[in-house]
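Working notes for the structure below.
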Amino acid sequence: MKKTAKSIIALVGVLALMGGGVGYLLYTKPEENDPVVAQMPGSEKTEVIIVKDKNITGPDPETGIMDTGVIKTVDVTNEHGELHVIQLTGKTDDSAATYTLKGYEDVLLNTSVVGTLANNANGLTCTDLIEENCEDISKFGLDKPEITVDITYESGSRTKLLIGDESPTGTDTYVMVDGEKTIYTVRDSALLNYHNKLEEFMEKTVLEAPPDDAYPEIKKVTIEREDIDYDIVLELVEKDKDAKYTGGTSASHMMTSPVEAYLAVERSADVTNGMFGLSAAGIYSVHCKEQDIKEAGLDEPFCTTTMECSDGKKYVLLLSEPFDDSKNGKCCYAMLEGGNTIFVVKTEKAQWATVLPVDIASKIFIAGYVWNISELTATAGSTVEKFVIKRTDPEVELDSYKSSDFTVTRNGQSFDSERYRLFYSFLISASAEDFAFEEEYPSDEPMAAIEYTDSYTGKTTKIEFFDYSNLTSLIAVDGKSKFVVAKSYVNTLIDNIKRIPTDEDFVTTWK
Numbered sequence: 049m050k051k052t053a054k055s056i057i058a059l060v061g062v063l064a065l066m067g068g069g070v071g072y073l074l075y076t077k078p079e080e081n082d083p084v085v086a087q088m089p090g091s092e093k094t095e096v097i098i099v100k101d102k103n104i105t106g107p108d109p110e111t112g113i114m115d116t117g118v119i120k121t122v123d124v125t126n127e128h129g130e131l132h133v134i135q136l137t138g139k140t141d142d143s144a145a146t147y148t149l150k151g152y153e154d155v156l157l158n159t160s161v162v163g164t165l166a167n168n169a170n171g172l173t174c175t176d177l178i179e180e181n182c183e184d185i186s187k188f189g190l191d192k193p194e195i196t197v198d199i200t201y202e203s204g205s206r207t208k209l210l211i212g213d214e215s216p217t218g219t220d221t222y223v224m225v226d227g228e229k230t231i232y233t234v235r236d237s238a239l240l241n242y243h244n245k246l247e248e249f250m251e252k253t254v255l256e257a258p259p260d261d262a263y264p265e266i267k268k269v270t271i272e273r274e275d276i277d278y279d280i281v282l283e284l285v286e287k288d289k290d291a292k293y294t295g296g297t298s299a300s301h302m303m304t305s306p307v308e309a310y311l312a313v314e315r316s317a318d319v320t321n322g323m324f325g326l327s328a329a330g331i332y333s334v335h336c337k338e339q340d341i342k343e344a345g346l347d348e349p350f351c352t353t354t355m356e357c358s359d360g361k362k363y364v365l366l367l368s369e370p371f372d373d374s375k376n377g378k379c380c381y382a383m384l385e386g387g388n389t390i391f392v393v394k395t396e397k398a399q400w401a402t403v404l405p406v407d408i409a410s411k412i413f414i415a416g417y418v419w420n421i422s423e424l425t426a427t428a429g430s431t432v433e434k435f436v437i438k439r440t441d442p443e444v445e446l447d448s449y450k451s452s453d454f455t456v457t458r459n460g461q462s463f464d465s466e467r468y469r470l471f472y473s474f475l476i477s478a479s480a481e482d483f484a485f486e487e488e489y490p491s492d493e494p495m496a497a498i499e500y501t502d503s504y505t506g507k508t509t510k511i512e513f514f515d516y517s518n519l520t521s522l523i524a525v526d527g528k529s530k531f532v533v534a535k536s537y538v539n540t541l542i543d544n545i546k547r548i549p550t551d552e553d554f555v556t557t558w559k
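Number 142 in the working numbering belongs to position 94 of the sequence shown; there are no gaps in the numbering.
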C-alpha cells in the first residue's frame, strides 16, 4: 500500500508541473495579430528556397544538385529610386555571371557589390516560414513595401520579391513573393544592399592606378591655386634614372617653381604620385550637370593640378576650396577635367589644395656626391681655396669609388684626395633649420661661399652664407634666398677653410 501511495503522489506532482506549464503557455499565447509564430521548445524552423528559376523543376541529372538558375536582370526599387542590374558577362563552366548597372557603364562601379543584388536574391532561403495564406500582410509591412526586387532569369522565369519590416528578432526581415500569401523571414545581411543608393555601388576612386607593369613615369606635376601667387612645379629628375648617378635626395622629383629645391621623399611622394589611386570619402554627384559643377565650385576651381606622364597622357584634377564636412571633416569637392563624377575627398588626401613649398622641400642645401664634383671653390673673406678633382684612370669602369681613385689639386698644387673628401664630408653634414624662400637676396658681402661643378650634370652651383641674426645665417643658392642655417655651422666652415692648407683635423661639430 505504501508503494502504491507513493506512486499516486508522484503522479499528482507531475500533473501539477504540467498544469503550471500549460498555464504558462496560455498566459504567454501570442496576440491574434502578432506575426511571430510561437514554437514549442525543441521545434525546428522551416527553411524554404524563396527565389529560384521556376522553369527548373528538378535536380541536375548529372550532379544531382538542384540548380537555382542564372539571373539575367534585377530591378530594385527603394526609397532612393531605381537600380537596374544587367549581365556584364554570362555564366561559364569556370566562372559565375557578373553584373553591372544599366546606364552607369561609363562610371567606375564596384561590380562585386553590384553582383550581390543578383547573387543574394538567387536561391534566397528563409530563416523561418512565418505564416501561410496571410490575409493581412500590412502587419508585416508588405502592403506597401519600400523595397521591391524584380528578378528575371535567363529562361524567362520572373519573381518579384517584396521586402517589408524588420522582425522583432532584430536580425531578420519579413519578405514575400508578389502574388503569393506566404510570409517568410530572411536574414538582414542578405538584404542589406537592396537598401542602398547608387553611390554606394560606385568605387570611390577618383583616378584608377595603372597596373605595375604599365605604371608610367610622372614627368611633371603643376599646382595652380587661388590662394598663392605662384605655381608649384615638381619635375622628374632625369639623371636619377641612371643607376650610375649618385647624388641629390632619394626623391625622384625636384621642385623647379617657385624656387629650385630638393624634395623630402617622405613628404613629397603623395604630392607627386598621389593622383593615381586617389580615394574619395564620398560621392557628391554622378553624371554631373553644369549646375552641379557650379554648385561644387568646380566651374572656377580653387586648385588645378596637372600631372604629365611618360606615356603622353595628361590628367587634370580640379579641386574646390576646402570646406568642413560634418561626416568627414575638412574636405574638397574633386573631379577630373572632362569627367562626369564629383567626389568628396578629404584634404589630407587632396594635399594639392593646401600644400606649400616648405611642406615638401628638403632642407639639404648641398647634395652632390663627393666624387661627382669636378671643381670646388671655398671662399671665406680673402681666403680662396680652389680644388680640381679628376679620375686617376678614367678609362677603368668601377662599381664604387674611393679616394685613391682620384687626383686632387688645390690652387694648382697636388693635394691629398682623402683630406679633400673629409672637407667635403663636413660641407654636406649640415641641414638647414628653416626655409627662407620669401627673403630678399642680401646686398652685403657673404660670410663664406662654396661654388662647385657636378661633372655628371654639368651644372655649377653657388652657395653663399650671409649674416642673418645672432644665431643664424641666410643661405642663398644661385642668387636666391632659400634657407636659414645655424651660424655656428658657418663659423665652423670658415675655420675649416682656413685649416685646409694645414695638418689640423677639420672640426666636425658646431653646436
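Here a beta-carbon is modelled for each residue, glycine too, at the ideal position from N, C-alpha and C.
| Item | Value |
| --- | --- |
| State the DSSP-derived secondary structure class of residue 513, mapped to helix, strand or coil. | strand |
| Going along the chain, which unbroken runs of the alpha helix (DSSP H) with 4 or more residues stay wholly within the region 329-367? | 338-343 |
| Entirely within the region 381-451 and at least 3 residues each: give me those beta strand (DSSP E) ranges in chain order. | 389-394, 421-428 and 431-439 |
| Shortest alpha-carbon distance to residue 472 belongs to which of 531, 451 and 404? | 451 |
| Could you please give the first and the last residue of the uninterrupted beta strand (DSSP E) stretch that includes residue 285? | Note, residue 285: premise wrong, no beta strand (DSSP E); not H, not E. |
| Could you check the C-alpha separation between residue 440 and residue 419 for me, to the nearest Å? | 12 angstroms |
| Assign residue 189 to one of two classes, buried (16 or more other C-beta atoms within 10 Å of its C-beta) or exposed (fewer than that). | buried |
| Quick one, are the C-beta atoms of residue 238 and residue 156 less than 9 angstroms apart? | no |
| Between residue 329 and residue 267, what straight-line distance do the alpha-carbon atoms span, to the nearest angstrom? | 28 angstroms |
| Given a threshold of 16 other Cβ atoms within 10 Å of its Cβ, counted over all protein chains shown, does residue 494 qualify as buried or as exposed? | buried |
| Go through its chain and collect everything with a Cβ distance to residue 372's Cβ below 7 angstroms, but skip five positions before and after it. | 378 |
| Between the beta-carbon of residue 174 and the beta-carbon of residue 96, is there less than 9 angstroms? | yes |
| For residue 558, which of 486, 255, 479 and 511 has the nearest alpha-carbon? | 479 |
| With H, G and I counted as helix, E and B as strand and the rest as coil, what does DSSP make of residue 26? | Coverage of the chain is limited to positions 49 through 559, which leaves residue 26 absent and any answer about it impossible. |
| Just list the residues that DSSP pairs residue 222 with in beta bridges. | 233 |
| Apply the 10 Å Cβ neighbour rule to residue 233 and answer buried if 16 or more other Cβ atoms are within range, or exposed otherwise. | buried |
| Report back the beta-carbon spacing between residue 137 and residue 146 to the nearest angstrom; my notes put them in contact at under 8 angstroms. | 5 angstroms |
| In angstroms, rounded to a whole number, what distance separates the CA positions of residue 544 and residue 508? | 22 angstroms |
| Count the other CB atoms, across all protein chains shown, that sit within 10 Å of the CB of residue 361; report buried if there are 16 or more and exposed otherwise. | exposed |
| Use the C-beta contact count for residue 444: other C-beta atoms within 10 angstroms, 16 or more gives buried, fewer gives exposed. | exposed |
| Per DSSP, residue 454 is paired with what? | 439 |
| Mind checking which residues open and close the beta strand (DSSP E) that includes residue 521? | 520-525 |
| Can you check DSSP and say which residues form a bridge with residue 302? | 283 and 310 |
| Once you ignore the five residues that flank residue 540 on each side, which residues in its own chain have a CB closer than 7 angstroms to its CB? | 555 and 558 |
| For the structure I just gave you, are there three or more beta carbon pairs, one from the region 264-279 and one from the region 340-356, closer than 8 angstroms? | yes |
| In whole angstroms, what separates the C-alpha of residue 288 from that of residue 415? | Residue placement at residue 288 is poorly supported in this model, since its pLDDT is 46, which falls under 50; the coordinates are not used for a value here. |
| Run through DSSP, which three-state label would residue 189 get? | coil |
| Go through the region 130-186 residue by residue and report every complete run of the beta strand (DSSP E) that reaches 3 residues or more, in order. | 146-149 and 176-179 |
| Alpha carbons only, please: which of 179, 344 and 423 is nearest the one belonging to residue 380? | 344 |
| Out of 100, 194, 186 and 370, which one is the CA nearest neighbour of residue 204? | 100 |
| On the DSSP letters alone, give me the boundaries of the beta strand (DSSP E) that residue 543 sits inside. | Looking at the DSSP string, residue 543 is not in any beta strand (DSSP E); the run it does join, the alpha helix (DSSP H), is 535-547. |
| Can the beta-carbon of residue 423 be found closer than 9 angstroms to that of residue 549? | no |
| Which whole-angstrom value is the C-beta distance of residue 177 and residue 196, which I expect to be below 8 angstroms? | Contact doesn't hold; Cβ gap of about 21 angstroms is too wide. |
| Report all residues from its chain with a CB closer than 8 angstroms to the CB of residue 469; omit the five preceding and five following residues, and keep chain order. | 418 and 451 |
| Does the beta-carbon of residue 105 have 16 or more other beta-carbons within 10 angstroms, so that it is buried, or is it exposed? | exposed |
| What does a CB cutoff of less than 6 angstroms around residue 316 pick up in its chain, not counting 5 residues either side in sequence? | 299 and 408 |
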